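Asks: After the structure tokens below, expect a handful of questions from me.
Number of protein chains: 2
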Amino acid sequence: MIPEPTGSPRSEPFAKIDPKFQMTVRDHVHRSLRAAILAGRFATGEKVNERSLAEQFGVSTTPIKEALRQLETEGLVEALPRRGVIIRFDMGWAEEMILARAALESMIAHLAAKRIGKPAGAELTAIADLMAKATTSADADSLISLNEQFHEHIHRSSRCSYLAKLIERQQFYDASIRRVIHMDPAERQKALEEHTAIAKAIVTGDADLAERQMRNHVVRSGETYLNIVFGSKKDIGRE
Amino acid sequence: MIPEPTGSPRSEPFAKIDPKFQMTVRDHVHRSLRAAILAGRFATGEKVNERSLAEQFGVSTTPIKEALRQLETEGLVEALPRRGVIIRFDMGWAEEMILARAALESMIAHLAAKRIGKPAGAELTAIADLMAKATTSADADSLISLNEQFHEHIHRSSRCSYLAKLIERQQFYDASIRRVIHMDPAERQKALEEHTAIAKAIVTGDADLAERQMRNHVVRSGETYLNIVFGSKKDIGRE
DNA sequence: GTACAGCATCTGATATACCAGATTTCAGAT
DNA sequence: ATCTGAAATCTGGTATATCAGATGCTGTAC
Numbered sequence: 217m218i219p220e221p222t223g224s225p226r227s228e229p230f231a232k233i234d235p236k237f238q239m240t241v242r243d244h245v246h247r248s249l250r251a252a253i254l255a256g257r258f259a260t261g262e263k264v265n266e267r268s269l270a271e272q273f274g275v276s277t278t279p280i281k282e283a284l285r286q287l288e289t290e291g292l293v294e295a296l297p298r299r300g301v302i303i304r305f306d307m308g309w310a311e312e313m314i315l316a317r318a319a320l321e322s323m324i325a326h327l328a329a330k331r332i333g334k335p336a337g338a339e340l341t342a343i344a345d346l347m348a349k350a351t352t353s354a355d356a357d358s359l360i361s362l363n364e365q366f367h368e369h370i371h372r373s374s375r376c377s378y379l380a381k382l383i384e385r386q387q388f389y390d391a392s393i394r395r396v397i398h399m400d401p402a403e404r405q406k407a408l409e410e411h412t413a414i415a416k417a418i419v420t421g422d423a424d425l426a427e428r429q430m431r432n433h434v435v436r437s438g439e440t441y442l443n444i445v446f447g448s449k450k451d452i453g454r455e
Numbered sequence: 217m218i219p220e221p222t223g224s225p226r227s228e229p230f231a232k233i234d235p236k237f238q239m240t241v242r243d244h245v246h247r248s249l250r251a252a253i254l255a256g257r258f259a260t261g262e263k264v265n266e267r268s269l270a271e272q273f274g275v276s277t278t279p280i281k282e283a284l285r286q287l288e289t290e291g292l293v294e295a296l297p298r299r300g301v302i303i304r305f306d307m308g309w310a311e312e313m314i315l316a317r318a319a320l321e322s323m324i325a326h327l328a329a330k331r332i333g334k335p336a337g338a339e340l341t342a343i344a345d346l347m348a349k350a351t352t353s354a355d356a357d358s359l360i361s362l363n364e365q366f367h368e369h370i371h372r373s374s375r376c377s378y379l380a381k382l383i384e385r386q387q388f389y390d391a392s393i394r395r396v397i398h399m400d401p402a403e404r405q406k407a408l409e410e411h412t413a414i415a416k417a418i419v420t421g422d423a424d425l426a427e428r429q430m431r432n433h434v435v436r437s438g439e440t441y442l443n444i445v446f447g448s449k450k451d452i453g454r455e
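Residue numbers (the working numbering), protein chains in the order written: chain A, 217 to 455; chain B, 217 to 455.
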């Protein structure tokens with residue numbers, strides 16, 4: 217901190233660092249395991265051994281246990297008391313995670329349409345406009361970043377922090393896969409149309425329309441993801 | 217186990233006990249804390265101390281930490297690294313939990329309507345019929361039990377185990393509160409009508425109708441719960 | 001009276017020890 | 001050869017110890 221000569225407090229000297237950014241071993245383990253599971257680097261039903269994981273990470277079993285507890289609550293592993301934890305993730309699980317995200321995102325879009333104000337609405341439209349520009353010109357990275365901003369803005373507009381947190385936990389395709397997805401011009405175009413329509417519905421306060429369009433968007437882009445990662449054409453939630 | 221004279225294996229001698237039923241200290245702590253939080257026995261923002269909890273439960277801090285990790289992932293507490301965990305639950309949080317459950321249950325009802333077969337459909341109708349009888353005659357306990365059966369049957373019919381698991385985590389009014397809710401004849405009648413309508417929509421395969429009705433049912437009964445627990449009239453998701 | 005450095009204390013994060021339930025192995029009986 | 005059950009082993013659950021960051025307190029300087 218730079219010393220302040222006068223006693224008068226400056227309004228916003230430096231942003232306080234968010235304690236959440238601090239990295240602990242258990243978070244590192246949690247993220248690593250989570251990413252590994254979602255990337256399919258474990259077989260469904262495979263047993264994981266705490267001591268062996270601890271050795272691989274070079275830490276004790278304590279943070280491993282805590283990370284496994286988090287994964288258990290997330291539904292990515294199953295704990296059989298006194299018997300160990302087994303991996304629970306396959307294509308079916310991924311489909312259902314997408315459906316869950318669709319259900320929650322559409323609910324939050326519904327509420328955002330009801331609750332968004334004039335200024336926030338204008339910001340959302342602005343983000344959508346930037347996305348339109350980035351779709352044809354810019355690189356995938358800025359598109360990914362705008363994508364995040366777009367959804368996060370909707371979350372904030374809904375004023376639902378619990379729902380937003382739940383959705384975050386559902387968010388499981390990582391940046392590298394997103395980049396692959398946004399490589400395809402057809403996909404970029406489709407996503408843009410959907411985003412534009414969602415933004416319009418929310419800004420005009422059409423909650424039911426916003427909800428439907430958000431749901432279709434999440435399900436459709438989820439299908440794209442599944443096709444890339446699991447490599448088989450699939451309609452989510454059919455039959 | 218009763219000894220078997222012949223070498224021939226009996227088909228289904230006794231059901232294997234589900235390992236999940238085994239109780240560990242961390243599960244006990246998790247459930248107790250969860251119930252205490254949902255019952256409002258902690259203030260929002262209140263700090264909880266691991267050592268003090270360990271002392272109160274008469275156990276070491278290890279299972280406490282694991283239970284707190286689960287609560288953290290559930291969104292009921294927030295962990296600030298190296299600083300401790302604070303309670304995150306109030307009426308607003310409860311509202312959002314109800315909305316989340318509404319979103320997920322309606323999604324699962326939608327899928328159940330698409331996927332339910334003839335026999336399972338008949339069973340669902342049968343459960344609804346039993347509910348009709350129990351509404352006027354029987355005690356609250358059997359109504360509560362039928363209620364559970366009803367929703368669980370829908371979950372199974374949807375063939376979505378991940379979604380069902382997610383919903384279970386959202387399930388937060390316990391048996392005692394349910395009993396209070398089901399005491400009121402008007403509430404019983406309203407719930408019956410909703411259940412009947414949901415069953416009909418699912419059995420006839422009207423997925424969109426089932427979805428809408430499930431959502432209304434969860435939100436409306438959630439409002440009843442909120443009025444009882446937090447004691448103020450409130451429309452969820454309005455403004 | 002106020003501000004701040006330095007010290008004492010509290011408390012979460014991690015490592016380690018130990019126990020008991022679960023699993024596997026293997027010798028002896030049939 | 002197969003079954004059984006006791007012993008060895010593995011592994012998760014819990015308890016305890018240790019470390020370091022966060023917090024609180026106090027006495028001194030101004």
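All C-beta atoms in this analysis are idealised placements derived from N, C-alpha and C, irrespective of residue type, glycine included.
None of these values were measured; they are calculated from a predicted model.
Taking beta-carbon pairs under 8 Å, can you tell me which members of the region 383 to 409 of chain B lie near chain A?
Replies: Taking 8 Å as the Cβ-Cβ cut-off against chain A, the residues of the region 383 to 409 of chain B that qualify are Arg385.
Asks: Does the Cβ of A:Gln387 have 16 or more other Cβ atoms within 10 Å, making it buried, or fewer, making it exposed?
Replies: For this step, residue 387 of chain A is matched to residue 171 along the first sequence. So A:Gln387 counts as exposed.
Asks: DSSP on B:Ile332, reduced to helix/strand/coil?
Replies: Along the second sequence, one-based indexing puts residue 332 of chain B at 116. Note: B:Ile332 maps to coil in three-state DSSP.
Asks: How about B:Leu254 and B:Ala283: are their beta carbons less than 8 Å apart?
Replies: Along the second sequence, read from residue 1 onward, the residue named residue 254 of chain B stands at position 38. Along the second sequence, read from residue 1 onward, the residue named residue 283 of chain B stands at position 67. Not a contact, by the Cβ cut-off of 8 Å.
Asks: Quick test of your reading: B:Ala251 and B:Asp390, contact by CB under 8 Å. State the CB separation rounded to the nearest angstrom.
Replies: Mapped onto the second sequence, residue 251 of chain B falls at position 35. Mapped onto the second sequence, residue 390 of chain B falls at position 174. Right, the Cβ-Cβ distance comes to about 6 Å (below 8 Å), so this counts as a contact.
Asks: Would you please verify whether the beta carbon of A:Arg372 is less than 8 Å from any beta carbon of chain B?
Replies: By 1-based counting over the first sequence, the position of residue 372 of chain A is 156. Taking Cβ atoms only, chain B never reaches closer than 8 Å to A:Arg372, which makes this a no.
Asks: Grouping DSSP H, G and I as helix and E and B as strand, with all else coil, what is B:Ile233?
Replies: Locating residue 233 of chain B in the second sequence gives position 17, counting from the first residue. Coil, per DSSP.
Asks: Based on DSSP bridge pairs, tell me the residues matched to A:Leu249.
Replies: For the purposes of this step, residue 249 of chain A is taken as the residue at position 33 of the first sequence. For A:Leu249, which the question treats as bridged, DSSP gives no partner whatsoever.
Asks: So is A:Ser227 in contact with chain B if we call contact Cβ pairs under 8 Å?
Replies: Stepping through the first sequence from its first residue, residue 227 of chain A is reached at position 11. The predicted position of A:Ser227 is uncertain, since its pLDDT is 41 and thus under 50; a value taken from the coordinates is nonetheless stated next. A:Ser227 does not count as touching chain B.
Asks: For A:Val275, name the three-state secondary structure that DSSP assigns.
Replies: Here the question's residue 275 of chain A lines up with position 59 in the first sequence. In this structure, A:Val275 counts as coil in the three-state DSSP scheme.
Asks: Which residues, in order along the region 304 to 316 of chain B, keep a beta-carbon less than 7 Å from a beta-carbon of chain A?
Replies: Listed by position, the residues of the region 304 to 316 of chain B near chain A (Cβ gap below 7 Å) are Trp309, Glu312, Met313, Leu315 and Ala316.
Asks: Name the chain A residues that come within less than 8 Å of B:Lys263, Cβ to Cβ?
Replies: One-based indexing of the second sequence puts residue 263 of chain B at position 47. Going along chain A, no residue has its Cβ under 8 Å from B:Lys263, so there is no contact; the nearest lies around 13 Å.
Asks: Give the straight-line distance between the Cα atoms of B:Arg304 and A:Pro335, rounded to the nearest whole angstrom.
Replies: Sequence index remark: in the second sequence, residue 304 of chain B carries index 88 (1-based). Sequence index remark: in the first sequence, residue 335 of chain A carries index 119 (1-based). So the two alpha carbons sit approximately 29 Å from each other.
Asks: Expressed to the nearest angstrom, what Euclidean distance is found between the alpha-carbon atoms of B:Phe230 and B:Arg431?
Replies: The residue given as residue 230 of chain B occupies position 14 in the second sequence. The residue given as residue 431 of chain B occupies position 215 in the second sequence. In a straight line, the C-alpha of B:Phe230 is about 39 Å away from that of B:Arg431.
Asks: Check whether the Cβ of B:Ala417 lies closer than 8 Å to any Cβ atom in chain A.
Replies: Locating residue 417 of chain B in the second sequence gives position 201, counting from the first residue. With 8 Å as the cut-off, B:Ala417 does not count as an interface residue toward chain A.
Asks: Where does B:Asn363 land, buried or exposed, given buried means 16+ other C-beta within 10 angstroms?
Replies: For the purposes of this step, residue 363 of chain B is taken as residue 147 along the second sequence, with counting starting at 1. B:Asn363 is buried by the Cβ-count criterion.
Asks: 8 Å is my cut-off, CB to CB: does A:Ala319 come that close to chain B?
Replies: Looking up residue 319 of chain A in the first sequence gives position 103. By this cut-off, A:Ala319 is an interface position.
Asks: Buried or exposed: where does B:Leu320 fall if 16 or more other Cβ atoms within 10 Å of its Cβ makes it buried?
Replies: Sequence index remark: in the second sequence, residue 320 of chain B carries index 104 (1-based). B:Leu320 should be labelled buried.
Asks: With distance defined between alpha-carbon atoms, name the residue in B:Ile343, B:Ile383, B:Asp451 and B:Val419 nearest to B:Leu408.
Replies: Position 192 of the second sequence, counted from the start, is the residue given in the question as residue 408 of chain B. Closest by alpha carbon: B:Ile343.
Asks: Using a Cβ-Cβ cutoff of less than 6 Å, which residues in the same chain neighbour A:Glu410 once the five nearest sequence positions on both sides are dropped?
Replies: What you label residue 410 of chain A is simply residue 194 of the first sequence in a count that begins at 1. These residues qualify, in order along the chain: His433.
Asks: With DSSP as the reference, identify every bridge partner of B:Val301, one or two as the case may be.
Replies: Position 85 of the second sequence, counting from 1, holds the residue named residue 301 of chain B. Answer is B:Val264 and B:Ala295.
Asks: Pull up the distance between the alpha-carbon of B:Asp451 and that of B:Glu439, whole angstroms please.
Replies: Locating residue 451 of chain B in the second sequence gives position 235, where the first residue counts as 1. Locating residue 439 of chain B in the second sequence gives position 223, where the first residue counts as 1. Distance between the alpha carbons of B:Asp451 and B:Glu439 is about 7 Å.
Asks: Taking B:Arg454 as the reference, which of A:Val264, A:Leu327, A:Arg247 and A:Leu292 has the closest Cα?
Replies: Your numbering for residue 454 of chain B matches position 238 in the second sequence. When only C-alpha atoms are compared, the closest one is A:Leu327.
Asks: How many whole angstroms separate the CB atoms of A:Leu340 and A:Val419, which I take to be in contact at a CB cut-off of 8 Å?
Replies: Reading the first sequence from its first residue, position 124 is the one you call residue 340 of chain A. Reading the first sequence from its first residue, position 203 is the one you call residue 419 of chain A. Contact holds; Cβ gap of about 6 Å.
Asks: Check whether the region 291 to 309 of chain B and the region 367 to 382 of chain A touch, using three or more Cβ-Cβ pairs below 8 Å as the test.
Replies: Touching, per the Cβ criterion.
Asks: Can you tell me whether B:Met313 is buried or exposed, with buried defined as 16 or more other CB within 10 angstroms of its CB?
Replies: Your numbering for residue 313 of chain B matches position 97 in the second sequence. Per the 10 Å Cβ criterion, buried.
Asks: Identify the contact partners of A:Thr289 in chain B, using a Cβ-Cβ distance below 8 Å as the criterion.
Replies: Indexing the first sequence from 1 puts residue 289 of chain A at position 73. Chain B residues near A:Thr289: Arg285, Gln286, Thr289, Glu290 and Arg385.
Asks: For B:Phe258, which option in B:Asp243, B:Asp422 and B:Leu292 has the closest C-alpha, if you only look at C-alpha atoms?
Replies: The sequence position of residue 258 of chain B within the second sequence is 42, counting from 1. The shortest Cα separation from B:Phe258 among B:Asp243, B:Asp422 and B:Leu292 belongs to B:Leu292.
Asks: Using a beta-carbon distance below 8 Å, is B:Tyr378 in contact with chain A?
Replies: Here residue 378 of chain B is taken as the residue at index 162 of the second sequence, counted from 1. Closer than 8 Å to some Cβ of chain A, the Cβ of B:Tyr378 qualifies, so yes.
Asks: Who are the Cβ neighbours of B:Thr260 in its own chain at under 7 Å, not counting the five residues just before and after it?
Replies: Here residue 260 of chain B is taken as the residue at index 44 of the second sequence, counted from 1. Once the five neighbours on either side are set aside, the close Cβ partners of B:Thr260 are Ile303, Arg304, Phe305 and Asp306.
Asks: Tell me which residues share the same chain as B:Val396 and place their Cβ nearer than 7 Å to its Cβ, disregarding the 5 neighbours each side in the sequence.
Replies: As a first step, residue 396 of chain B is located in the second sequence; it is residue number 180 there, counting from the start. Result list for B:Val396: Ile444, in chain order.
Asks: If you draw a straight line from the C-alpha of B:Thr240 to the C-alpha of A:Arg247, how long is it?
Replies: Your numbering for residue 240 of chain B matches position 24 in the second sequence. Your numbering for residue 247 of chain A matches position 31 in the first sequence. Taking the straight line from one Cα to the other gives about 26 Å.
Asks: Indicate, with yes or no, if the ligand NAP has a heavy atom lying under 7 Å from the CB of A:Asp345.
Replies: Absent from the structure shown: the ligand NAP. Ligands present: none.
Asks: For B:Met323, decide whether its Cβ has a neighbour in chain A, counting only Cβ atoms nearer than 8 Å.
Replies: Taking the second sequence and counting its residues from 1, the one referred to as residue 323 of chain B is at position 107. It does: the Cβ of B:Met323 has a partner Cβ on chain A nearer than 8 Å.
Asks: Give the straight-line distance between the Cα atoms of B:Leu379 and B:Ala402, rounded to the nearest whole angstrom.
Replies: Position 163 of the second sequence, counting from 1, holds the residue named residue 379 of chain B. Position 186 of the second sequence, counting from 1, holds the residue named residue 402 of chain B. Using only the alpha carbons, I get a separation of about 31 Å.
Asks: By DSSP, does B:Ile452 sit in helix, in strand, or in coil?
Replies: Counted from its first residue, the second sequence places residue 452 of chain B at position 236. Coil at B:Ile452, not helix or strand.
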